[in-house]
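Residue numbers (the numbering used here): 82 to 510. Beta carbons: idealized from backbone N, C-alpha and C, even for Gly. Model, not experiment: these values are computed from the prediction. Step one of this worksheet: look at the structure below.
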């Protein structure tokens, strides 16, 4: 029987063993790789600190740009002049102040005979007892005045001439129409009372001209924490620019230090969004506790309207940060190599590609360029949408939805134009 020359020779076990030992020796000679535990720990720590600082960043931005800026503050408070609850509270407050100083019997004794016919004509319109009828007459006059444009102008002037009312109250400096007494921020409605006195005189109640100068306060904010806020408000104003920047730098540093940066970006974005959501929950709970702790003489509906106006911009900032966090996390996740993300991208590309093929569209040079720059174009769309959302003045929920829909539409257009003109195999017929 002839030997089989074509059969491969068995490997030299000695040579393989020597090579294996050399390889092991080489690996053992290398310095041990440092485990990235310290690096990962620092990255997680930076992300957590950024999440904790997010609520403070939003509050400091709100304190600096909304409460600390006179024009923004006036724009924030001006709509309250047409709020029904605020109008009702101001009407009751001014009526009570006028009636407190309106001694009908004493004033009637001082009326000259020449004014008696006019007074009798005005009093003939009153029903019921004299004091009750007088109170109803004054209340109706105040109510008509507060419902007019003149009150809206006075309300705006009160807030503007106070040079950012809440800033003056919290800083404790200066006087004027807005002041802080104890733990209560109030607005002096003396200009409203003066205009009401003139309206009463015009309506035939000439004795109203004899009323002295009346100062009455409308409560803007009252809480045990107002006094404490004075200690922190100035610090928040100073940190209004730097604290958000520090928070962003910390979050970016945590992402750059992480071993898996894409996963760290998703985590950081969601952590920042969660920090903003915690602030939203705190504002919601704070509103409920604040209204429950109000004194009985303060109108709860009006106080609720004032509270909502004061924190309205803060809520908008919270929605903005949450939206940006979710969008960044979603974009980072979809561009990753995970199985689900890959499947979602395949569904997106396959669906739009089917529409393109059904339309018989060929991109040509434009399609080839879009194919090469697709990743850059997609991230540009995301960044532009985020910038538009940030610079938009007081973005509402509807504005946020429309910006997201426009961004999705542009991304779909980029995907539709992405055609490298490579030959495709025809489906078997």
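If residue 237 and residue 159 are in contact, beta carbons under 8 Å, what's the gap, nearest whole angstrom? Cβ atoms of residue 237 and residue 159 come within 8 Å of each other, at about 5 Å.
Residue 351 and residue 410 - do their beta-carbons sit closer together than 7 Å? Note that the C-beta distance between residue 410 and residue 351 is below 7 Å.
What three-state label does DSSP hand residue 255 in the structure shown? For residue 255, the pLDDT reaches just 47, beneath the cut-off of 50, and the residue's location in the model is therefore unreliable, leaving the point undetermined.
Can you grab the Cα-Cα spacing for the pair residue 241 / residue 135, in whole Å? Taking the straight line joining both Cα atoms gives about 31 Å.
Residue 380: which of 391, 99, 161 and 166 sits nearest, CA to CA? Nearest to residue 380 by alpha-carbon distance, out of 391, 99, 161 and 166, is 166.
Let me check understanding here. Comparing Cα to Cα, which of 496, 482, 448 and 386 lies closest to residue 433? Of all alpha-carbon atoms in 496, 482, 448 and 386, the one lying nearest the alpha-carbon of residue 433 is that of 496.
Tell me the rounded alpha-carbon separation between residue 399 and residue 105. If I take the Cα positions, the gap works out to 57 Å.
What is the DSSP secondary structure of residue 442, reduced to helix, strand or coil? Three-state DSSP puts residue 442 in coil, outside helix and strand.
Based on Cα-Cα distance, which residue from 402, 393, 368 and 341 lies nearest to residue 355? Nearest Cα to residue 355 within the set 402, 393, 368 and 341: 402.
Quick one: Cα of residue 333 to Cα of residue 123, how far? Answer to the nearest angstrom: the Cα atoms are 12 Å apart.
Within 10 angstroms of the Cβ of residue 374, are there 16 or more other Cβ atoms? Answer buried if so, exposed if not. If you draw a 10 Å sphere on the C-beta of residue 374, you find fewer than 16 other C-beta atoms in it, and that means exposed.
For residue 458, is the classification buried or exposed, using 16 other Cβ atoms within 10 angstroms of its Cβ as the cut-off for buried? Buried is the call here.
In or out: residue 181 buried (at least 16 other Cβ within 10 Å) or exposed? Exposed, by the Cβ-count rule.
Please state whether the Cβ-Cβ distance between residue 227 and residue 176 is less than 7 Å. Remark: C-beta atoms of residue 227 and residue 176 do not approach each other more closely than 7 Å.
Would you give the residue range spanned by the alpha helix (DSSP H) that residue 483 belongs to? Per DSSP, residue 483 belongs to the alpha helix (DSSP H) from 478-498.
Return the CA-CA distance between residue 364 and residue 225, expressed in angstroms with no decimal places. When only Cα atoms are considered, residue 364 and residue 225 end up about 35 Å apart.
On the CB-based measure, 16 or more other CB atoms within 10 Å of its CB, does residue 174 come out buried or exposed? It counts as buried.
C-alpha gap between residue 460 and residue 451, whole angstroms: So the two alpha carbons sit approximately 13 Å from each other.
Near residue 481, what residues of its chain come up, given a Cβ to Cβ distance below 6 Å and the 5 sequence neighbours on each side ignored? So the list reads 404, once near-sequence residues are dropped.
Rank 103, 119 and 100 by C-alpha distance to the C-alpha of residue 64 and give the top, closest one. In the structure as shown, the chain begins at 82 and stops at 510. Residue 64 is therefore absent and cannot be evaluated.
Helix, strand or coil at residue 295 according to DSSP, with G and I counted as helix: It is coil, neither helix nor strand.
Does the stretch 460-471 come within contact of the stretch 486-493, defined as at least 3 CB pairs closer than 8 Å? Enough Cβ pairs lie closer than 8 Å, so yes.
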